[in-house]
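**Q** Chains as they are written, first to last, in the numbering used here: chain A, 1 to 203; chain B, 1001 to 1203; chain C, 2001 to 2203; chain D, 3001 to 3203.
In this text, a Cβ means the ideal position worked out from N, Cα and C, and glycines have one as well.
Please read all numbers here as calculations on a predicted model, not as lab measurements.
There are 4 protein chains.
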Amino acid sequence: MTDTSRLETFCDGVFAIAITLLVLGIRVPGVKEDLGAALLNEWPTFLAYLISFVTVGIMWVNHHRLFALIERSNPTFAYINVGFLLFVAFVPYPTELMATQFAGLNDDGKRLAMLLYSGTFLAIAIMFNAIWLYASSGARLLKPGLDLEALKVGARRFAFGPPAYLIITLLAIVNPYVSLTLVGLLAVYWMLPGSAPVEAPRQ
Amino acid sequence: MTDTSRLETFCDGVFAIAITLLVLGIRVPGVKEDLGAALLNEWPTFLAYLISFVTVGIMWVNHHRLFALIERSNPTFAYINVGFLLFVAFVPYPTELMATQFAGLNDDGKRLAMLLYSGTFLAIAIMFNAIWLYASSGARLLKPGLDLEALKVGARRFAFGPPAYLIITLLAIVNPYVSLTLVGLLAVYWMLPGSAPVEAPRQ
Amino acid sequence: MTDTSRLETFCDGVFAIAITLLVLGIRVPGVKEDLGAALLNEWPTFLAYLISFVTVGIMWVNHHRLFALIERSNPTFAYINVGFLLFVAFVPYPTELMATQFAGLNDDGKRLAMLLYSGTFLAIAIMFNAIWLYASSGARLLKPGLDLEALKVGARRFAFGPPAYLIITLLAIVNPYVSLTLVGLLAVYWMLPGSAPVEAPRQ
Amino acid sequence: MTDTSRLETFCDGVFAIAITLLVLGIRVPGVKEDLGAALLNEWPTFLAYLISFVTVGIMWVNHHRLFALIERSNPTFAYINVGFLLFVAFVPYPTELMATQFAGLNDDGKRLAMLLYSGTFLAIAIMFNAIWLYASSGARLLKPGLDLEALKVGARRFAFGPPAYLIITLLAIVNPYVSLTLVGLLAVYWMLPGSAPVEAPRQ
């Protein structure tokens, strides 16, 4: 049993790097191209950057809020977080893949890329719930004095993530544009007050 | 309500990564080229690296000084900071774009690239003011015992950022070289004593 | 003699960056390719990402647990950690090399790439033991009040790393697929409860 | 006046990222090449990775030891550190440039690349002394109770850095191989006990 500070530092590092590496996926046009047209053509890349950045940023905020409730860590909890980070760190890949396909004309490619993109957020949402369930089950790693009933109510909002991203992922097969729009809207939804997964304890 | 330490760690991480990724935008010449000529030809890239690094570095110093006044964080404040970081993390892209265009002969390309480059700093300056306004309005997140009147005077200097970068951004359409020079000079100006946005409390 | 907090921050940073850079080694297929076939063809890259991420992630957990026992640092200890990080930060290179070769048909290339890949983990395991031996020898840098006999028993599990990776490295010459499978299985083994190198002190 | 913790976090981040980005400069050979020959051909890249990693790693250790003596920060001190980091973050560029040139047959290219490579370390050494001089002059930012006379003696060892790297930089014009060897030897020298720039206070 150790405190969570070094685990938080490590998670913060991976979040910060994954979110900042997104920019490397945006192609810099050459000198000879018509720059205005080239940049307009890259709109899916800019949109992908925006949606991935905001979604990962909000996940970081929620991870941060979750850890405000957690007092202790143990190796199993650290491994679950490493599994969570596995998908967070992966985000730049499906982001670039999706942006590349959306800039082209291959409809099957768009569907598959969007499937992988929202599938990655589905995996992150599942792992996020795993982190919460492991920490809160029997109040295993929680700070003392928390209102467990209130936390349970708050945690129901977490549980909304996996089915929501599952539906969006399946929708990618039908229409990748609708699926992408929903990933963007979901990011906005996570930000709304009241949709916050768990209220941090008032002191 | 939580303390700001983890938010600061995350912001520091994004700042540190964005500033260090700038170097990846500098092209390494091949063996067969005349290395001296190739490096001289890359002068806009080196200049872009220098200006972006110093500007982002100073923004970090100011962000750091601002947070010395702030005691608490909340989700909304965290989201505003994520929005701020969205543009900070974006800086390597317009930096490389601008360097690429300035090394070429396409004048329209230079204008557009410079517009995007200074426009990114404009967005950062606006978000920086948003961070300050949210934290200081009604002393919402500030440390107790600060001299609010003195802070208001100091904050007027902040407010200089957005119009200054707006003018520089518009100038990019007229003359991108003048615009670039002014971005560089503004970085120097931010460093001058007295132009510091807010004085940290003396203890 | 200083405390270990800044050394831990630095190590955490390198771990977090190395683990997140792995994603840059995954090639994004172009628009014109059959995306499904292209992604299936990249299976060694995804597997390499998974194995490297999990192995480095577990090494981070163990490094973290080791440092829970350590109270002080000195320059020599810092240098040994820099030597350890030299190989941790190198991991993305043999990972990409191995993935590239496994996607092709050059058997000698596969053997050599796998040799370098598991050889890197061998070097990490050796340096990890060096960190432990330097810190624990004569209880040089340890926290007071630890049960040294129990630590010695726990540390025997560390000592398993170098010979295990040595055998896997030699096996790479015979059969790189068997060698890769064993690197993956070893990662799972490190996660098993009881295989934890050293138990952190209960407080 | 603020404490130095956030400045240290930021510096640690830039150091950790710059040192880890070095690996991106190593070219991954393709499947069709003779892998053994291709890797042997890349020896300057591996050597460059090793020398840059160790040199930057040791600079981090020394920066860390220096900050163990420093209690306070101010904006000017932060700007000097940003200037120091400008060159630390630049290291991956001359490292890759040098490795590229040393793998080729262009002698002028080797000289110029080596000039830039050791020139970068010269700039880092100068900025490192600037950090120390600003912090220690009149004990401006130092912790109370330090033995200033002993610190002055220790600091003489710092002052050895700039002339040493200046000579190595000039030697690059005569013989880049000798110059590279000396950069490597100097890294070893910095690690020797007794050559430590400043002894941290014993408590």
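Give the interface partners of Phe-3090/D over in chain F, defined as CB-CB distance under 7 Å, in chain order.
**A** In the structure shown, chain F cannot be found, because the protein chains are A, B, C and D.
**Q** Compute the Euclidean distance between the alpha carbons of Ser-3179/D and Ala-3089/D, then round it to the nearest angstrom.
**A** 22 Å
**Q** Can you have a look at Leu-3148/D and say buried or exposed, based on whether 16 or more other CB atoms are within 10 angstroms of its CB?
**A** exposed
**Q** Compare the C-beta of Phe-67/A with all C-beta atoms of chain B and state if any pair is closer than 9 Å.
**A** yes
**Q** Does the segment 3101-3116 of chain D come close enough to the segment 3129-3143 of chain D to have 3 or more Cβ pairs within less than 8 Å?
**A** no
**Q** Please decide whether Asn-1106/B counts as near chain A, where near means a Cβ-Cβ distance under 9 Å.
**A** Cβ-Cβ to chain A under 9 Å: yes for Asn-1106/B.
**Q** Between the Cα of Phe-1121/B and the Cα atoms of Ile-1058/B, Ile-1017/B, Phe-1046/B, which residue gives the shortest distance?
**A** Ile-1058/B
**Q** In chain order, what residues of the segment 2173-2195 of chain C put their CB closer than 8 Å to some CB of chain D?
**A** Cβ contacts with chain D come from no residue of the segment 2173-2195 of chain C.
**Q** Going by DSSP, which residues form a beta bridge with Leu-3142/D?
**A** Ile-3070/D
**Q** Would a C-beta distance cut-off of 9 Å place Leu-1133/B and Leu-1142/B closer than the cut-off?
**A** Not in contact: Leu-1133/B and Leu-1142/B (Cβ atoms no closer than 9 Å).
**Q** From Leu-3039/D, Val-3054/D, Ala-3078/D, Tyr-3079/D, pick the residue whose C-alpha is nearest to that of Ala-3230/D; which is it?
**A** Missing from the structure shown is residue 3230/D; chain D here goes from 3001 to 3203 and no further.
**Q** List, in order along the chain, the chain D residues whose C-beta lies closer than 7 Å to that of Ile-1026/B?
**A** Tyr-3093
**Q** Would you mind giving the Cβ-Cβ distance between Val-3054/D and Ala-3172/D, rounded to the nearest angstrom? I have them listed as a contact below 8 Å.
**A** Taking the Cβ atoms as the reference, Val-3054/D lies roughly 19 Å from Ala-3172/D, outside the contact range of under 8 Å.
**Q** On a CA-only basis, which of Asp-3012/D, Arg-3140/D, Thr-3004/D, Asp-3107/D is nearest Val-3174/D? Give me that one, please.
**A** It is Asp-3107/D.
**Q** May I ask you to check if the CB of Arg-72/A is nearer than 8 Å to at least one heavy atom of the ligand NAD?
**A** This structure simply doesn't include the ligand NAD, nor any ligand for that matter.
**Q** Could you name the residues of the segment 3060-3084 of chain D whose beta carbon sits closer than 7 Å to any beta carbon of chain B, in the order they occur along the chain?
**A** Pro-3075, Ala-3078, Tyr-3079, Val-3082
**Q** Establish whether the CB of Thr-100/A and some CB of chain B are separated by less than 9 Å.
**A** no
**Q** For the candidate residues His-2064/C, Asp-2034/C, Pro-2029/C, Ala-2135/C, whose alpha-carbon lies nearest to that of Arg-2072/C?
**A** Considering only alpha carbons, the answer is Ala-2135/C.
**Q** Since Lys-1110/B is in the alpha helix (DSSP H), which residue starts that stretch and which ends it?
**A** 1107-1136
**Q** Could you tell me whether any Cβ in chain A is nearer than 9 Å to the Cβ of Lys-2143/C?
**A** no
**Q** Straight-line CA distance for Pro-3029/D to Ala-3037/D?
**A** 10 Å
**Q** Look at the alpha carbon of Leu-2086/C and the alpha carbon of Pro-2144/C, and state the distance between them as a whole number of angstroms.
**A** 30 Å
**Q** Alpha carbon to alpha carbon, what distance is there between Leu-1105/B and Glu-1033/B?
**A** 20 Å
**Q** Helix, strand or coil, according to DSSP, for Lys-152/A in the structure here?
**A** The answer is helix: DSSP assigns Lys-152/A an H, G or I state.
**Q** Can you give me the Cβ contacts of Arg-2027/C inside the same chain, cut-off strictly under 8 Å, excluding the 5 residues immediately before and after it?
**A** Listed in chain order, the non-local C-beta contacts of Arg-2027/C below 8 Å within the same chain comprise Glu-2042, Thr-2045, local neighbours out to five positions each way being set aside.
**Q** Mind checking which residues open and close the alpha helix (DSSP H) that includes Ile-2026/C?
**A** Neither: Ile-2026/C is in no alpha helix (DSSP H) and is coded neither H nor E.
**Q** Closest by CA to Ile-2158/C, which one among Trp-2190/C, Pro-2094/C, Gly-2025/C?
**A** This sequence places Phe at residue 2158/C; Ile is not what is there. Out of Trp-2190/C, Pro-2094/C, Gly-2025/C, Trp-2190/C has the C-alpha closest to the C-alpha of Phe-2158/C.
**Q** So Val-3082/D and Ala-3018/D are supposed to be a Cβ contact under 8 Å. How far apart are they, rounded?
**A** 14 Å between Cβ atoms; not a contact.
**Q** How is Gly-13/A classed by DSSP in three states: helix, strand or coil?
**A** helix
**Q** Can you pull the chain D neighbours of Val-2014/C, defined as C-beta to C-beta under 7 Å?
**A** Within chain D, the residues near Val-2014/C are Ala-3016, Ile-3019, Thr-3020.
**Q** Quick check on DSSP: helix, strand or coil for Phe-3160/D?
**A** coil
**Q** Using beta-carbon positions only, say whether Val-3061/D and Pro-2075/C come within less than 9 Å of one another.
**A** yes
**Q** Taking Cβ-Cβ distances shorter than 8 Å, what residues in chain B pair up with Arg-3010/D?
**A** Contrary to the premise, residue 3010/D reads as Phe rather than Arg in this sequence. By Cβ distance, chain B contributes Asp-1012, Phe-1015, Ala-1016, Trp-1060, His-1064.
**Q** Which term fits Tyr-117/A, buried or exposed, when burial requires 16 or more other beta carbons within 10 angstroms of its beta carbon?
**A** buried
**Q** Please determine, among Arg-3006/D, Arg-3140/D, Val-3183/D, the residue with the shortest C-alpha to C-alpha distance to Thr-3169/D.
**A** Val-3183/D
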